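In our numbering, the protein residues as written are 619 to 696. All C-beta atoms, glycine included, are put in the ideal place defined by N, C-alpha and C. Every value quoted in this text rests on a predicted model; they were computed, and no experiment measured them.
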């Protein structure tokens, strides 16, 4: 499933994305982020990270540098 999702994202990047002006507010772009998250964490966890990222990509979020996390576990301070 992971490979199918990555393939579909690459098809989107080749065929659909060029039809619209660049609008991603983040670096790496949402499609780059999704491919990296899927490759790093698999279909379900990587897919969930991708959905969360795409939902944030809107005019109400400032965007900026937002890399794929190194781990799915959040570190607690203290």
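With C-beta atoms as the reference, is residue i less than 8 Å away from residue j?
i, j, result
"residue 690", "residue 662", "no"
"residue 629", "residue 648", "no"
"residue 681", "residue 625", "no"
So, with DSSP's three-state summary, where would you put residue i?
i, result
"residue 693", "Caution applies to residue 693, whose pLDDT of 49 falls short of 50 and renders its modelled position unreliable; the value that the coordinates give is listed next. Three-state result, residue 693: coil."
"residue 644", "strand"
Among the options, whose alpha-carbon lies nearest the alpha-carbon of residue i?
i, options, result
"residue 640", "667, 675, 619 and 692", "675"
"residue 621", "632, 672, 634 and 654", "654"
"residue 667", "625, 684, 637 and 631", "684"
"residue 679", "642, 619, 665 and 632", "642"
Is it buried or exposed for residue i, if we count other Cβ within 10 angstroms and need 16 for buried?
i, result
"residue 686", "buried"
"residue 656", "buried"
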